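*Asks:*
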Amino acid sequence: MEVSIETTNDGSNTLYVKEIDEHYHSIKGALTESQHIFINCGLKEIQNDKIDIFEVGFGTGLNAILTLLNGKSKHISYTTIEKFPLPIEIITRINYSSIFNEEEYSLYRQLHEVQWDKYVEINRHFKLKKIQSDLTTHSFSDNYDLVYHDAFSPEKQPEMWEEEIFNKIFNCLRPGGVIVTYCAKGEIRRRMQKVGFTVERLAGPPNGKREILRARKPY
6 MEVSIETTND GSNTLYVKEI DEHYHSIKGA LTESQHIFIN CGLKEIQNDK IDIFEVGFGT
66 GLNAILTLLN GKSKHISYTT IEKFPLPIEI ITRINYSSIF NEEEYSLYRQ LHEVQWDKYV
126 EINRHFKLKK IQSDLTTHSF SDNYDLVYHD AFSPEKQPEM WEEEIFNKIF NCLRPGGVIV
186 TYCAKGEIRR RMQKVGFTVE RLAGPPNGKR EILRARKPY
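Position 34 of the sequence shown, counted from 1, bears residue number 39 in the working numbering, the numbering being contiguous throughout.
1) Decide if the stretch 116-125 is in contact with the stretch 139-158; the criterion is three or more beta carbon pairs, one per stretch, under 8 Å apart.
2) Between which residues of its own chain and I99 is the CB-CB distance below 7 Å, once the five residues before and five after are set aside?
3) Pick from N53, F202, D54 and I70: whose alpha carbon is nearest that of E60?
4) With a cut-off of 8 Å on the beta carbons, I'd call F171 and R196 a contact; round off their distance for me.
5) Is the shortest distance between the beta-carbon of F145 and the beta-carbons of chain C less than 9 Å?
6) Using alpha carbons as the reference points, say which of T142, S111, I93 and Q52 lies closest to I127.
7) Could you tell me which residues DSSP pairs with D57 in its beta bridges?
8) Measuring CB to CB, does T72 end up less than 9 Å from I44?
9) Of the choices E118, D147, N75 and I56, whose alpha-carbon is the least far from that of F105?
10) Mapping the DSSP letters down to three states, classify K134 as helix, strand or coil.
11) DSSP on T142, reduced to helix/strand/coil?
12) With a cut-off of 8 Å, do at least 3 Cβ pairs link the stretch 20-36 to the stretch 44-59?
13) Count the other C-beta atoms from every protein chain shown that fall within 10 angstroms of the C-beta of N266, then say buried if there are 16 or more, exposed otherwise.
14) Round the Cβ separation of T203 and A189 to the nearest angstrom and send it over; I've been treating them as touching at under 8 Å.
15) Go ahead and label P180 buried or exposed: buried means 16 or more other beta carbons lie within 10 angstroms of its beta carbon, across all protein chains shown.
16) Using the C-alpha atoms, what's the distance from W166 back to I174?
17) If you follow the beta strand (DSSP E) that I127 is part of, which residue opens it and which one closes it?
18) DSSP three-state call for C10: helix, strand or coil?
19) Is DSSP giving G191 helix, strand or coil here?
20) When DSSP builds the beta bridges, which residues end up paired with E205?
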């Protein structure tokens with residue numbers, strides 16, 4: 006999958022995939038979007054001291070590094086699935102070294118350089134497992150408190166937004182568990198509701214999408 010680097014409105018880079026005419030993040034602001042949706046509306050919603058997270062789409066690793074940096078008071082186990090890992094040559098060209106300080110950027114690089122398909126302790130508060138696989142055929146063996154659904158859009162990657170996928174996610178979440186996503190389409194909301202989620206619309210990131218979705222598995 007051929008990608009090119011573009012700068013978004015908040016100064017942070019994203020990637021553009023010409024093949025499907027899709028960006029990895031909002032062009033209104035990659036960093037702003039990830040912080041708002043997955044950290045402010047996701048991570049900060051979970052009160053546990055120990056949090057198990059599953060991410061759909063590792064991508065540039067932006068959600069992962071923001072979770073690591075914002076979850077220092079927690080013990081986080083972070084599992085992420087990615088069918089098409091980005092080469093390190095692309096990762097090193099993204100301008101995150103100018104966004105994060107030296108120590109933070111070193112942790113970011115570490116997220117990309119560690120082995121796949123095994124848990125690796127990044128620091129004493131954060132361990133990471135990267136799975137190179139297809140979510141549609143992936144069998145969940147663990148339970149989670151929080152899911153970041155950050156696949157490409159339903160128009161470009163419809164198989165990642167099917168009712169069957171949300172049913173798999175619902176079943177792997179613990180009671181009270183949360184899923185957050187940038188996509189607020191009515192059909193996606195209804196699919197979440199159909200498998201058992203209680204769904205709410207939230208305001209989107211500043212200058213970005215008007216609404217996002219957060220859903221919870223009932224206790």
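The beta-carbon is built from N, C-alpha and C at its ideal position, and this holds for glycine as well.
All values reported here derive from a predicted model rather than from experimental measurement.
*Replies:* So, from the data block:
1) no
2) I10, N18 and T65
3) I70
4) 5 Å
5) The chain inventory of the structure shown lacks chain C, comprising one protein chain alone.
6) S111
7) S82
8) yes
9) N75
10) strand
11) coil
12) no
13) No answer is possible for residue 266: the residues shown for the chain start at 6 and end at 224.
14) Between A189 and T203 the Cβ distance is about 15 Å, and since that is not below 8 Å, they are no contact.
15) exposed
16) 11 Å
17) V125 to N128
18) The amino acid occupying residue 10 in the given sequence is Ile; Cys does not appear at that position. Here I10 sits in strand by DSSP.
19) helix
20) R219
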